[in-house]
Every structure is written in C-alpha cells, then in structure tokens.
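Counting from 127, one number per residue, gives the positions in the sequence shown under the working numbering.
Comments concern the structure below.
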Amino acid sequence: FSAPDAWRASAVDFTVAHAADGFKFADAKRRSAVSMGRGKCVWHGLDVWECRVYYDAAGATRLEMSLYNRGDDREGLGLGPRQLDDLLGKIESALGPAAKRGRTAKRKLRAGSFQNRLAWAKSDPPAEVVWGVSHADGTRPQIDFVRLSLVRPGGKARPKGAAKSVSGNAARAKAKANLAKNDEGDVWIKNVPMVDQGQKGYCAAAVAERVLRYYGHDVDEHEVAQIAGTTSEGGTSDREMTRTVQDMGSRYRLGYGEIVSLSDSLEAVDDDIDAYNKSAKALRQPALSRAEFTRGNRVYVGEIYAAMKPHVLKRARTKDSRYKKFLSGVKRQVSQGIPVFWSVTLGLYPEPEIPQASGGHMRLIIGYNEKTKEILYTDTWGAGHELKRMPADWAFAITHSAFYLRPL
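Written out as structure tokens, the structure reads:
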C-alpha cells in the first residue's frame with residue numbers, strides 16, 4: 127500500500143493476489159479482507175499479527191494492522207514500555223521524514239484502563255496508532271493492543287471509537303429498516319457487520335464489536351476486550367461481558383435489556399440441576415450433583431453443562447416457563463432490527479464444521495421463523511457464518527443468557 131495503485135485495486139483483485147499471505151473475505155459481501163496469524167504479513171520489517179483492509183466502490187479505504195494484542199500473545203511475553211517506544215520509533219521511521227508526530231492523546235476507559243492515540247501530520251498515507259494500557263493498583267502497566275491504521279491517500283484519519291451523535295428516533299428507524307422477510311417465514315436482520323475472531327478467545331468482544339458497528343460506531347474487538355478484561359486464556363466471563371456491554375451501552379447511548387439469564391449464579395445453576403434431574407428421572411437417566419464438579423472452593427460450571435445429556439436438558443428447558451419468554455423476547459427485538467447477544471454451551475447440539483466444538487461461546491441471534499420454529503443466528507468466524515439456523519427448543523436448551531443493546 128505504499129503505491130497509490132494498491133489503494134485503487136478492488137477487493138477481489140487484492141484478495142486473490144494476496145491469498146498466499148492469508149487474506150480472505152471477512153463476509154460474503156466482500157466489504158473487507160482479513161489476514162489472521164502473526165507474521166503472515168509484514169509492514170516495513172514489523173510482524174503484523176492481524177490485518178484488515180476495508181473497501182468501497184473506489185478501492186481500499188482503510189488498512190488496519192494489529193502490531194500486538196494480548197489475545198494472540200499465547201506465549202504471554204507481553205509488550206513493555208521500552209518495547210512500545212521502540213515500536214513507535216520504527217513506525218515513525220517507516221512513515222518517512224515528512225511525517226510529523228503529533229501529541230499523544232490519552233483517554234480513560236475505566237479504572238486502571240486507558241487508551242492512547244497518536245497521529246502523524248503530513249504522512250502519506252495518513253497514519254494513526256492506538257494502543258491500550260491496563261494496570262491494577264501497584265502492578266506494572268501492561269499493553270493490551272497496538273493498532274496502526276492507514277487511510278486512503280488524501281483521506282483523513284478519523285478517531286476510531288468516537289461515539290456518534292445520532293437521535294434515538296433516527297437510530298431506531300435505521301435499525302428497523304434492516305429487517306427482511308421471505309415467503310418461507312424467515313424474519314432476519316440484514317447488514318450486521320461480520321468479524322472473524324480467529325483463534326482468540328474473543329467471541330464476546332467480537333460480538334460486541336459487530337453490534338456497535340451495526341449501530342454505526344467504529345470500534346474493534348481489541349478495544350472491547352481491553353474494557354472487558356478479556357485474555358487469550360480465559361475469554362470473557364458471562365458476568366464480565368454483561369457488565370461490559372452495559373458500560374459500552376452507556377458510552378454509546380444504547381440501552382441494555384435482558385431477555386433471559388439462566389446460569390448467572392450458583393443458585394441458578396442449582397435450579398438447572400434440579401430441573402435436569404427431574405427430567406433425568408422421567409427418562410431413566412442418571413442424576414447429577416454440583417458436588418461432582420466442585421474442587422476445593424471452586425465450582426466448574428462449564429463441566430456441569432458438558433456432562434448433561436442433551437435430550438434430557440432439552441426436555442427440562444422446554445418445560446421451563448422462561449422458554450416462552452426467550453421466544454417472545456427474541457421476536458420482539460428482532461422485529462425492531464435489534465440483534466440479540468446469545469451466550470451458549472457448544473457441543474450439546476450437533477453443529478458440523480465450526481471451529482469450536484465445545485465450551486462456552488457468544489453468538490448473535492438475528493432472526494426467527496415461526497413456521498419452522500427456528501432461531502436464526504450468526505457466529506464471529508468470518509465468511510460462511512453470516513446466517514445459520516437451529517430448532518428453537520435446542521436453541522433454548524443450550525442458552526446461558528440472551529440480552530441486547532438498543533438505541534435510546
């Protein structure tokens with residue numbers, strides 16, 4: 127992208143030409159190309175951990191390169207202050223002598239969490255670096271991510287993550303305009319941006335990015351992951367993600383609402399076990415107890431749900447009064463163009479050809495079909511995962527929680 131012609135190339139031409147560098151389309155609409163994996167791309171001698179190129183009809187509009195992020199730092203090496211200064215110096219050298227470094231702008235995200243922004247005037251193409259820093263009291267600051275953005279020559283680097291001032295009525299009308307229907311009974315939301323989380327435990331952060339971008343806010347999963355405290359080892363807990371979604375809703379003038387929450391406490395898990403055991407008795411299957419999954423003072427909730435026999439859990443869940451609440455809540459929000467965050471356990475319902483076979487996962491519900499009694503959803507795994515479907519009873523059987531953000 128050092129030559130103007132590279133910016134004018136179409137998304138198809140670029141992606142085909144750079145398939146060997148790991149580039150593929152992020153979604154079927156071919157609005158962006160992404161390369162995942164450290165070192166597949168190199169920028170002026172610097173390893174790029176993840177690269178995204180965004181397109182319009184005239185060619186590439188923006189190039190985003192992750193030069194470090196904790197989600198892909200599987201060795202846990204980290205990036206210290208001296209290494210960061212060295213990295214910024216290399217970026218400045220690569221931009222050339224005409225580039226003039228501006229002042230670093232610092233923004234507080236929450237207690238102990240900050241975002242820094244640095245732009246270079248007169249660089250061609252316009253360049254900006256954003257990095258996140260987090261630390262608890264008395265601990266050494268840690269770098270969460272470093273992102274370099276280049277925009278089309280002659281363009282202007284715009285602040286990523288800045289909340290737009292849009293009236294609630296206009297935002298709600300725009301969301302509802304994305305609703306689509308067909309003769310087969312499908313009702314679904316169009317134009318939900320796709321994100322490919324790669325191998326990171328970033329499903330919750332990636333889902334939040336998709337929703338915020340759907341509402342017109344320019345953020346990425348690394349920023350969300352920083353606020354949520356997401357790591358490559360553990361992902362984001364349901365409780366942490368709920369808190370983070372509420373915080374981000376306030377930041378972007380979006381209201382938080384809950385449809386169901388089935389396993390947000392040990393008491394709720396105990397209720398699930400009791401209901402499961404009643405169905406197990408009726409179906410002549412062995413019962414479960416929380417004690418089996420308790421080691422020391424820690425309860426391994428994921429193991430509890432993984433041990434449940436799927437057909438027994440489905441029977442128990444569909445007898446729960448919250449099943450109807452789940453269905454009606456999904457229909458109510460989708461009918462207004464509001465996508466629903468959906469926390470689930472994978473591995474209970476057969477889903478072929480997905481990157482994650484079991485465990486906790488966050489996805490988006492974007493539709494329903496009352497004729498076929500199905501839930502329509504999407505995953506943050508790139509092209510091919512834009513629109514999928516599952517029987518509604520199974521969808522509720524694997525559910526931990528369902529909640530949403532909507533324009534105020």
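Cβ atoms here follow ideal geometry from the backbone N, Cα and C, with glycine treated the same way.
**Which of helix, strand or coil DSSP assigns to Phe140** = Within the sequence shown, the letter at position 14 stands for residue 140. If DSSP states are grouped into helix, strand and coil, Phe140 belongs with the helices.
**Message:** Just verifying my parser: in three-state terms, what is the DSSP assignment at Ala184?
**Reply:** Residue mapping note: residue 184 aligns to position 58 of the sequence shown, counting from 1. Of the three classes helix, strand and coil, the one that applies to Ala184 here is coil, per DSSP.
**Item:** Buried/exposed call for His526, threshold 16 Cβ in 10 Å
**Value:** Stepping through the sequence shown from its first residue, residue 526 is reached at position 400. Buried is the call here.
**Asked** How big is the Cα-Cα spacing for Val425 and Tyr431?
**Response** Here residue 425 is taken as the residue at index 299 of the sequence shown, counted from 1. Here residue 431 is taken as the residue at index 305 of the sequence shown, counted from 1. Roughly 12 Å separates the two Cα atoms.
**Separation of Ala518 from Leu453, as counted between CA atoms** = Here residue 453 refers to the residue found at position 327 of the sequence shown. Here residue 518 refers to the residue found at position 392 of the sequence shown. Cα to Cα, Leu453 sits roughly 8 Å from Ala518.
**Prompt:** With a Cβ-Cβ cutoff of 9 Å, do Leu474 and Ala523 count as a contact?
**Reply:** Here the question's residue 474 lines up with position 348 in the sequence shown. Here the question's residue 523 lines up with position 397 in the sequence shown. One thing to note: Leu474 has its Cβ within 9 Å of the Cβ of Ala523.
**Asked** Beta carbon of Val466, beta carbon of Ile385: below 9 Å?
**Response** Position 340 of the sequence shown, counting from 1, holds the residue named residue 466. Position 259 of the sequence shown, counting from 1, holds the residue named residue 385. Contact: yes.
**Message:** In the DSSP output, which residue or residues are listed as bridge partners for Phe522?
**Reply:** Here the question's residue 522 lines up with position 396 in the sequence shown. For Phe522, which the question treats as bridged, DSSP gives no partner whatsoever.
**Asked** Quick one: what's got a C-beta closer than 6 Å to Asp211's C-beta in the same chain, skipping five residues either side?
**Response** Taking the sequence shown and counting its residues from 1, the one referred to as residue 211 is at position 85. Hits under 6 Å: none found.
**Message:** Pop quiz: Pro267 and Val259 are said to be a contact at Cβ under 8 Å. What is the actual Cβ separation, rounded to whole angstroms?
**Reply:** Residue mapping note: residue 267 aligns to position 141 of the sequence shown, counting from 1. Residue mapping note: residue 259 aligns to position 133 of the sequence shown, counting from 1. Rounded to whole angstroms, the Cβ separation of Pro267 and Val259 is 5 Å, and the two are in contact under 8 Å.
**Request:** Please list, in chain order, all residues of the same chain as Ala146 whose beta carbon is under 6 Å from its beta carbon, the five residues on each side excluded.
**Result:** Reading the sequence shown from its first residue, position 20 is the one you call residue 146. So no residue of the chain qualifies.
**Other residues of its chain near Arg532: CB distance less than 8 Å, five sequence neighbours each side excluded** = One-based indexing of the sequence shown puts residue 532 at position 406. Counting only Cβ-Cβ distances below 8 Å, and skipping sequence neighbours, we find Arg298, Ala301, Leu380, Gly381, Gly383, Gln459, Gln462 and Ile464.
**Exposure label - Lys440; buried when at least 16 CB within 10 Å** = To locate residue 440, count along the sequence shown from 1; it is residue 314. Counting Cβ neighbours within 10 Å, Lys440 comes out buried, since at least 16 surround it.
**Asked** Candidates Asn195, Tyr181 and Arg196: which alpha carbon is nearest Leu189's?
**Response** For the purposes of this step, residue 189 is identified with residue 63 of the sequence shown, where counting begins at 1. Scanning Asn195, Tyr181 and Arg196 for the CA closest to the CA of Leu189 turns up Tyr181.
**Request:** Report the option in Met374, Thr420, Leu409 and Glu310 whose CA atom is closest to the CA atom of Asp396.
**Result:** Position 270 of the sequence shown, counting from 1, holds the residue named residue 396. Considering only alpha carbons, the answer is Thr420.
**Prompt:** So who's on the other strand from Trp133, going by DSSP bridges?
**Reply:** As a working mapping, residue 133 is identified with position 7 in the sequence shown. In the DSSP output, where bridge partners are listed per residue, Trp133 has none listed.
**Asked** When DSSP labels each residue in this structure, what does Asp147 get in the three-state scheme?
**Response** Residue numbering aside, residue 147 sits at position 21 when the sequence shown is read from its first letter. The three-state secondary structure of Asp147, taken from DSSP, is helix.
**Asked** Nearest CA to the CA of Glu366: which residue from Lys435, Val350 and Arg377?
**Response** As a working note, residue 366 is residue 240 in the sequence shown. Among Lys435, Val350 and Arg377, the Cα nearest to that of Glu366 belongs to Val350.
**Unbroken beta strand (DSSP E) run spanning Ser260, endpoints** = Translated into positions along the sequence shown, residue 260 becomes position 134. Note, Ser260: beta strand (DSSP E), Ala253 to Ser260.
**Item:** Cutoff 6 Å; reference Ser192; Cβ partners in own chain excluding five residues on either side
**Value:** Indexing the sequence shown from 1 puts residue 192 at position 66. Only Trp175, Glu176 and Arg273 meet the Cβ criterion.
**Asked** Taking the C-alpha atoms as reference points, what is the distance between Leu528 and Tyr503?
**Response** In the sequence shown, residue 528 corresponds to position 402, counting from 1. In the sequence shown, residue 503 corresponds to position 377, counting from 1. A small fix is needed here, since residue 528 is Ala in this sequence, not Leu. Cα to Cα, the separation comes out at about 12 Å.
**Asked** Mapping DSSP to helix, strand and coil, what is Thr504?
**Response** As a working note, residue 504 is residue 378 in the sequence shown. Here Thr504 sits in strand by DSSP.
**Message:** Give the list of continuous beta strand (DSSP E) stretches no shorter than 3 residues that lie fully inside the stretch 367-404.
**Reply:** 380-387
**Asked** Is it right to say Arg229 is buried, meaning 16 or more other beta carbons lie within 10 angstroms of its own, or is it exposed?
**Response** Within the sequence shown, numbered from 1, the residue matching residue 229 stands at position 103. When all chains shown are included, Arg229 counts as exposed.
**the stretch 231-243 / the stretch 146-155 touching (three or more Cβ pairs under 8 Å)** = No: the two stretches stay apart, fewer than three of their Cβ pairs being nearer than 8 Å.
**Pairwise C-alpha distance: Asp344 and Thr471** = The residue you call residue 471 lines up with position 345 of the sequence shown. The residue you call residue 344 lines up with position 218 of the sequence shown. Those two C-alpha atoms are separated by around 29 Å.
**Request:** Assign Ala225 to one of two classes, buried (16 or more other C-beta atoms within 10 Å of its C-beta) or exposed (fewer than that).
**Result:** For this step, residue 225 is matched to residue 99 along the sequence shown. It is buried - the Cβ of Ala225 has at least 16 other Cβ atoms within 10 Å.
**Prompt:** DSSP three-state call for Lys155: helix, strand or coil?
**Reply:** Position 29 of the sequence shown, counted from the first residue, corresponds to residue 155. Here Lys155 sits in coil by DSSP.
**Item:** Residue range of the alpha helix (DSSP H) that includes Gly455
**Value:** Taking the sequence shown and counting its residues from 1, one reaches residue 455 at position 329. Looking at the DSSP string, the run of the alpha helix (DSSP H) that includes Gly455 is Arg448 to Val460.
**Request:** Can you grab the Cα-Cα spacing for the pair Gly361 / Cys329, in whole Å?
**Result:** By 1-based counting over the sequence shown, the position of residue 361 is 235. By 1-based counting over the sequence shown, the position of residue 329 is 203. A caution first: Gly361 carries a pLDDT of 49, below 50, which makes its placement in the model unreliable, though a value can still be read off. Rounded to whole angstroms, Gly361 to Cys329 spans 8 Å at the Cα level.
**Request:** Kindly indicate which residue of Val255, Ile315, Gly493 and Arg196 has the alpha-carbon position closest to the one of His348.
**Result:** Position 222 of the sequence shown, counted from the start, is the residue given in the question as residue 348. Measuring from the Cα of His348, the nearest candidate turns out to be Arg196.
**Asked** Do you know how far the Cα of Val337 is from the Cα of Leu244?
**Response** Taking the first residue of the sequence shown as position 1, residue 244 is located at position 118. Taking the first residue of the sequence shown as position 1, residue 337 is located at position 211. Leu244 and Val337: Cα-Cα distance of roughly 26 Å.
**Prompt:** If we ignore side chains and look at the alpha-carbon of each, how far apart do Val142 and Asp322 end up?
**Reply:** As a first step, residue 142 must be located in the sequence shown, where it is residue number 16. As a first step, residue 322 must be located in the sequence shown, where it is residue number 196. Taking the straight line from one Cα to the other gives about 18 Å.
**Item:** Backbone CA spacing between Val371 and Gly294 [nearest angstrom]
**Value:** As a first step, residue 371 is located in the sequence shown; it is residue number 245 there, counting from the start. As a first step, residue 294 is located in the sequence shown; it is residue number 168 there, counting from the start. Answer to the nearest angstrom: the Cα atoms are 18 Å apart.
**Asked** Beta-carbon separation of Ala129 and Phe140 under 9 Å?
**Response** Looking up residue 129 in the sequence shown gives position 3. Looking up residue 140 in the sequence shown gives position 14. Not in contact: Ala129 and Phe140 (Cβ atoms no closer than 9 Å).
**Request:** Could you tell me if Glu393 is buried or exposed, where buried requires 16 or more neighbouring beta carbons within 10 angstroms of its beta carbon?
**Result:** Here residue 393 is taken as the residue at index 267 of the sequence shown, counted from 1. So Glu393 counts as exposed.
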